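To start, the structure under review is shown below, and the notes come after it.
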Amino acid sequence: MVHPLSGQAIYVVLLRELKRYWRAKARVVSSVAQSIFFLAIFGLGLNGLIGGFDGLGSGDYLSYLAPGIIGMGLLFGSVFSGVSIIFDRQFGFMKEMLVAPVSRTSIIIGKILGGAATATIQGIILMIIAAIMGAFTLSPAFLVGAVAAIGAMLLIASGFVGLGVAIGSTLNDFHAFQLLSTFVMWPMFMLSGVFFPIDGLPLPLQVAMLCDPMFYGVELLRWCLQGAGTLGAGTPLIASVSWLISLGVVAGFNVLMIGLGTYLFSRAQI
Amino acid sequence: MVDYKMNTIEVKELTKIFDKKIKAVDGISFTVKEGEILGFLGPNGAGKTTTLNMLSTLLRPTSGTAAVNGHDILKEPDAVRRSIGYVFQDTTLDIELTGRENLDFHGRLYGLDRSTRQQRIKEVLEVAQLTDRADNLVKIYSGGMKRRLEIARGLMHHPKVLFLDEPTLGLDPQTRRSIWEHILRLNQEKNITIILTTHYTEEADYLCKHILIIDFGKVVVLDTPDNLKARLEGDVVTLLFKDPAAIQTFRRLLENKDWIRRINVVASGNNYAAISRMMQPTRGTSTEMEAAPLDMNSETINEQPQQKPEQPVADQNVQFMGETCSKCLNLLVDNGGHRIPEIVKLADDTKVVLESVELRKPTLDDVFLSVTGRNIREEEGSIVDMVRRHLIVRQARGQPVKG
């Protein structure tokens with residue numbers, strides 16, 4: 000069956016995601032609060048012990064932590080919003096969408112855009128909170144960077160919603176949620192360079208971090224918000240283009256995951 | 000022979016085989032004229048929902064085809080989808096949204112512009128009598144309200160054809176009545192052609208112009224409710240025995256009477272009822288609902304006024320044909336009223352104790368029993384077979400969709 004993409008269908012699915020997000024205030028508050036705890040407790044608690052990193056924000060540990068914590072909000076928000084197609088299926092709403100004269104591709108594009116939008120809103124909230132906490136050097140240049148960061152967030156988040164959709168199309172029950180969280184999300188988060196820079200780590204850990212798409216996402220956010228990254232600290236040549244590498248990997252991951260999610264969803268059971 | 004103008008739905012040799020071996024729907028053909036209500040009547044797993052899923056293009060048939068509102072389900076799936084409203088068996092509302100938002104979502108999915116949406120929402124809310132609750136979240140709606148909202152939503156895009164899959168499953172008798180009236184009103188006022196599936200015979204009888212009895216994926220019979228009932232001439236006399244052991248003896252005495260047309264021992268269906276409950280945790284009340292006595296024709300004559308007072312009332316009110324009864328014998332009898340004294344005398348003469356005698360006109364339950372050889376609420380075979388069959392069908396319904 001071939002349908003063209005329907006703009007209105009994409010829009011309405013997106014709108015539904017936004018409405019549901021807006022109504023689930025408890026969820027929003029709790030995930031934002033979780034990120035603030037990370038920022039405040041780790042940022043202040045470890046600052047004396049570790050200190051900051053040259054060239055990143057105001058040079059304290061809070062500044063180092065901030066882009067990674069924003070990334071964490073994006074990662075968890077977007078993957079779960081993709082995986083929520085399991086709930087749509089379980090509670091039957093999926094059938095309502097599937098029997099309509101619109102393509103599955105339209106439905107899933109709307110879902111991905113909606114998930115990316117809500118995760119990005121979460122990211123923006125965290126960005127503002129981190130700025131208030133003093134993680135960024137506020138200047139006119141920072142405002143430009145913040146706008147770029149919002150673009151980066153949308154790009155990162157849509158890729159991870161795609162991943163969530165791919166997982167949600169393959170798995171059929173809620174119980175997989177816990178496994179997903181433990182074996183996919185947490186390793187991705189912890190290997191993303193949120194707590195420590197990649198430079199100087201044991202080789203296996205470095206390799207693992209380089210294989211983590213979220214690492215590049217966080218790197219990209221660092222560039223946008225703080226004007227520098229952590230990749231290739233010892234090699235100026237790599238360090239100067241690490242934003243480009245990160246952008247490339249994030250964009251590639253995005254295309255791959257959206258493609259995979261769309262494909263798996265189009266083949267999934269009702 | 001094929002006239003799309005006359006027949007809103009035209010089904011030819013439609014077949015669905017799951018996993019290369021399970022024939023869920025086995026070469027069924029039928030037509031539905033414009034403005035008609037057709038009922039699919041059959042037990043769970045008979046192939047009713049699978050047929051609707053094929054007609055709505057959610058499932059691709061293994062072979063055969065159909066036309067809905069003049070559009071081929073294989074060649075013009077989009078046109079078919081625009082022509083139909085499908086109210087699924089399980090709820091498909093977004094309970095985190097309000098009633099109005101659910102309707103609006105639907106309108107947008109079907110490409111209606113803003114002013115059309117607003118006007119249609121107002122219209123269908125009125126039909127469903129939900130206008131004053133439109134802005135409540137669906138999660139606080141009652142079961143009947145949800146059902147009415149779903150039916151209302153199915154009408155938003157002005158479909159020519161409405162598919163209702165078990166529209167009143169699990170609802171209380173009162174709500175059920177109101178949904179029935181609602182369906183009839185839609186059919187009459189908007190001339191919508193409707194196919195509904197049900198395993199409540201009284202629902203099919205009340206609503207449908209034609210009834211298609213479907214069993215093991217095949218059309219067993221297609222006729223009007225009255226014609227179906229006319230197939231069973233005579234009256235049904237149900238005897239309730241005090242001692243089940245006497246049934247077989249008594250049956251042999253009756254077998255050679257020329258006024259007896261048919262004798263059935265209604266087997267116990269308790270197993271099936273229990274399994275249904277187990278399989279459908281969310282709609283757990285459905286099997287109890289089946290026993291709701293809606294048969295206005297029934298008339299019970301108590302033969303023994305000195306019945307033991309401690310006898311639970313429920314035992315007296317066994318739904319003889321509809322529900323389970325291991326102490327019953329059903330007779331299809333010419334002139335039933337006049338034969339009761341004879342039957343009772345026979346019982347007295349042979350010292351068989353009858354607890355009650357019931358006389359009524361045949362219902363669709365009896366018709367179902369006579370054409371399929373089994374009770375609509377029962378499955379043949381062992382419990383294991385029943386469970387297996389049930390599971391297979393449930394899994395099979397979740398097959399990948401070409402789309």
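Going line by line, the protein sequences match chains A and B. Residues in the first sequence are numbered consecutively from 0, following numbering that gives the first Met the number 0. Residues in the second sequence are numbered consecutively from 0, following numbering that gives the first Met the number 0. Even glycine gets a Cβ: it sits at the ideal position worked out from N, Cα and C. Owing to the predicted nature of the structure, the values given are computational and were not obtained by experimental measurement.
For residue i, which of helix, strand or coil comes out of DSSP?
i	result
R59(B)	coil
E379(B)	With a pLDDT of 41 at E379(B), under the threshold of 50, the predicted position of this residue should be treated as unreliable, though the coordinate-derived value follows. Here E379(B) sits in coil by DSSP.
V193(A)	coil
R230(B)	coil
I191(B)	coil
L368(B)	helix
Y199(B)	coil
L221(B)	strand
D198(A)	coil
A148(A)	helix
I16(B)	strand
N186(B)	helix
A23(B)	strand
D348(B)	helix
E218(A)	helix
D71(B)	strand
E16(A)	helix
I155(A)	helix
N255(B)	coil
I49(A)	helix
A65(B)	strand
T97(B)	strand
S177(B)	helix
D204(B)	helix
H174(A)	coil
S105(A)	helix
L4(A)	coil
Judging by CA-CA distance, which residue of the options is the nearest neighbour of residue i?
i	options	result
F159(A)	M126(A), E16(A) and V254(A)	V254(A)
R113(B)	V11(A), G247(A), G231(A) and T261(A)	V11(A)
I212(B)	Q88(B), L40(B) and S28(B)	L40(B)
A203(B)	I182(B), S28(B), E188(B) and N190(B)	I182(B)
S157(A)	F176(A), G251(A), A65(A) and K94(A)	G251(A)
T196(B)	N190(B), Q187(B) and L206(B)	L206(B)
V183(A)	K24(A), S29(A), G44(A) and F75(A)	F75(A)
L163(B)	T174(B), H156(B), R146(B) and M155(B)	R146(B)
I106(A)	T169(A), D87(A) and I124(A)	D87(A)
G233(B)	H337(B), L221(B), H198(B) and V218(B)	H337(B)
C223(A)	S34(A), F188(A), S5(A) and A65(A)	A65(A)
D77(B)	L221(B), V126(B), L96(B) and G110(B)	G110(B)
G42(A)	R19(A), F195(A), Q89(A) and L4(A)	F195(A)
Taking Cβ positions, are residue i and residue j nearer each other than 8 Å?
i	j	result
N68(B)	K32(B)	no
L162(A)	G81(A)	yes
V164(A)	I111(A)	yes
G122(A)	E16(A)	no
A129(A)	L38(A)	yes
K208(B)	E35(B)	yes
L231(B)	S355(B)	no
N464(B)	L108(B)	Past the edges of chain B, shown from 0 to 402, lies residue 464(B), and the structure says nothing about it.
S241(A)	G226(A)	no
V249(A)	L219(A)	yes
R80(B)	P139(A)	no
R99(B)	D131(B)	no
M126(A)	A145(A)	yes
I339(B)	V236(B)	yes
K326(B)	P243(B)	yes
F87(B)	K94(A)	yes
T487(B)	G63(B)	With chain B covering 0 to 402 only, the question about residue 487(B) has no answer from this structure.
State the CB to CB distance for the pair residue i and residue j, rounded to an integer number of angstroms; the pair is presumed to be in contact (CB under 8 Å).
i	j	result
L148(B)	L129(B)	6 Å
W258(B)	V352(B)	At roughly 23 Å, the Cβ-Cβ gap does not stay under 8 Å, so W258(B) and V352(B) are not in contact.
E457(B)	G26(B)	Any property of residue 457(B) remains undetermined from this structure, which presents chain B solely from 0 to 402.
G216(A)	I155(A)	4 Å
G153(B)	G84(B)	3 Å
I94(B)	K138(B)	4 Å
N329(B)	N226(B)	About 21 Å separates the two Cβ atoms, so there is no contact after all.
I194(B)	L37(B)	5 Å
At 3 residues or longer, and completely inside the region 102-165 of chain B: list those beta strand (DSSP E) runs for me, N to C. DSSP runs (the beta strand (DSSP E)) wholly in the region 102-165 of chain B: 160-164.
Complete runs of the alpha helix (DSSP H) confined to the region 224-267 of chain A [at least 4 residues]: Here the runs fully enclosed are 235-266.
Within the region 23-100 of chain A, ranges of the beta strand (DSSP E) (whole runs, at least 3 residues): Runs found: none.
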